[in-house]
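In this note's numbering, the protein residues as written are 3 to 481.
Ideal Cβ placement from N, Cα and C applies to all residues, glycine included.
Heads up: the structure comes next, in structure tokens.
So, in structure tokens, the structure goes:
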């Protein structure tokens, strides 16, 4: 059954306004996790509670209302009071305040933990369970559309619901007094899980620039962020891929940085204010009292003399075609390989290079990411795709040739990764090398734990590696 993406219960025990409600509606429609946790709620008023948890995390100055006019919301107020009165709550808000992504993820995690806590305590408290069931039954009986004929009947049912909710609230308050430590511990766990999801998201969707993960993440549409966050929160595989992506992006940054430094040389003099490039003469003027003021003025105005640096070579070369063996024997390296691809995508995005990922076994699946950009749906699909089967080098190389036939893939860098062995005909090799010469592309092959003789027949360079975390594999980040 498809979940409703519409908020039907706009009631609140906080000082929420129309903006808060409208924004939560938008986030709710984007996040499957918000919809799921609403449907799994232990309380009949979970939908309203979920909106209040989000508002308490997001708003600048959330406050509980003094009195709840609708007594069926009293249990919500009791839970929110317990949550917001905890001394750690403001610490949590430093992480979530005015942040759509983290406030949404944290609201989901809080709600999951509250549902789990309620399930635990009602299993041990028969009276609480009976009161919850009574309130749920009364809530279900009240018709959504009320006609004049049933108005008096509904009024009586509402009164009965209010009384049952008050009894439930009394029992809930007692339960929080006796089991409040476990409740607050669960909230701590929720925040830790939220932080982990956010870090994983930065690793998966952030670029290759050190220390700029949050800023780069904000450039990605919020809908995509929430979609991937939902998947990361539910799927340990996505979390492991995120760990590998973070590791490999760090390595890629170092490799690219090294290439950039090696590719620079001093050619003449220009004006600027980059300290590390200042001429020795300018540094001498700074060291003397008589000339220091003039130096500082010119430095502030970018008029000090410095070495001009230019690239010796073009670092961002052509497009990248990444051919990945996905035969059955590569299954154990699947999460590593996906993290490796995401690191390559970060390089491609930074250098505005197209990247084609060609997965192969005895079939092929090809996806091109223009300028290294990947959407949330594409990232999830890449992370969860595995072909299985045998190994067919010829099929994959023919697929690579078809990609390179496109004008945008001239002078491409082909990275071929396999742990298998296969036969390639002499006739195909002749054709392949002719096309390689015409299209001016090179092939770097990483062979994982098997013989390299066949791959050497179609590659410009072959490296024997143990896995993607092998130093030799990092050569791919230097292209």
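| What are the boundary residues of the alpha helix (DSSP H) that residue 288 is part of? | 282-289 is the span of the alpha helix (DSSP H), which, as asked, contains residue 288.
| Proximity to residue 464 [Cα-Cα], best of 32, 366 and 448 | Taking only the C-alpha atoms, the option nearest residue 464 is 448.
| message | Nearest by alpha-carbon distance to residue 37: which of 113, 87 and 104 is it? | response | For residue 37, the nearest C-alpha among the options comes from 113.
| field | Straight-line gap, residue 74 to residue 167 (C-alpha atoms, nearest Å) | value | Whole-angstrom Cα-Cα distance: 5 Å.
| task | Below 7 Å CB to CB, which residues in the same chain sit around residue 330 once its five sequence neighbours on both sides are set aside? | result | The residues 390 and 391, in chain order, have a CB closer than 7 Å to that of residue 330 in the same chain once the five nearest residues on each side in sequence are set aside.
| task | Measure the alpha-carbon distance for residue 95 versus residue 458 and round it to whole angstroms. | result | Computed Cα separation, rounded: 57 Å.
| Hey, is the segment 428-448 in contact with the segment 375-388, meaning 3+ C-beta pairs nearer than 8 Å? | With the cut-off at 8 Å, the segment 428-448 and the segment 375-388 do not touch.
| request: Identify the continuous beta strand (DSSP E) that holds residue 461 and give its terminal residues. | output: That residue, residue 461, is in no beta strand (DSSP E); it is neither H nor E in DSSP.
| Cβ-Cβ distance between residue 425 and residue 395 below 9 Å | Yes. Within cutoff.
| request: Output the distance between the C-alpha atoms of residue 123 and residue 100, rounded to the nearest integer angstrom. | output: Going by C-alpha positions, residue 123 is about 33 Å away from residue 100.
| Sufficient close CB pairs (3 or more, under 8 Å) joining the segment 11-31 to the segment 60-75 | Enough Cβ pairs lie closer than 8 Å, so yes.
| message | Applying the 10 Å Cβ sphere with the 16-neighbour rule, what's the burial state of residue 49? | response | The residue is buried, with at least 16 neighbouring Cβ atoms inside 10 Å.
| request: For residue 317, name the three-state secondary structure that DSSP assigns. | output: For residue 317, the predicted structure reports a pLDDT of 39, less than 50, and the residue's modelled location is therefore unreliable. The matter cannot be settled from this model.
| query | What three-state label does DSSP hand residue 70 in the structure shown? | reply | Coil.
| For residue 471, three-class secondary structure by DSSP | Note: residue 471 maps to coil in three-state DSSP.
| query | Is residue 85 closer than 9 Å to residue 56 when the C-beta atoms are compared? | reply | 9 Å or more divides the Cβ of residue 56 from the Cβ of residue 85.
| task | Could you round the C-beta distance between residue 137 and residue 174 to whole angstroms and report it? I think they count as a contact, below 8 Å. | result | Between residue 174 and residue 137 the Cβ distance is about 11 Å, and since that is not below 8 Å, they are no contact.
| Candidates 411, 456 and 307: which alpha carbon is nearest residue 438's? | For the residues 411, 456 and 307, the minimum Cα distance to residue 438 belongs to 411.
| 9 Å Cβ cutoff met for residue 358 and residue 419 | It is not a contact, given that the beta carbons lie outside the stated cut-off.
| Can you give the beta carbon distance from residue 133 to residue 169, rounded, assuming they're within the 8 Å contact cut? | Indeed, because the Cβ distance is near 6 Å, the residues count as touching under 8 Å.
| query | What residues in its chain sit with their C-beta under 6 Å from that of residue 462, if we drop five residues either side in the sequence? | reply | Here the set comprises 444 and 445.
| said: Looking at residue 326: is its Cβ nearer than 9 Å to the Cβ of residue 362? | reply: Their beta carbons are under 9 Å apart, which means residue 326 touches residue 362 by this criterion.
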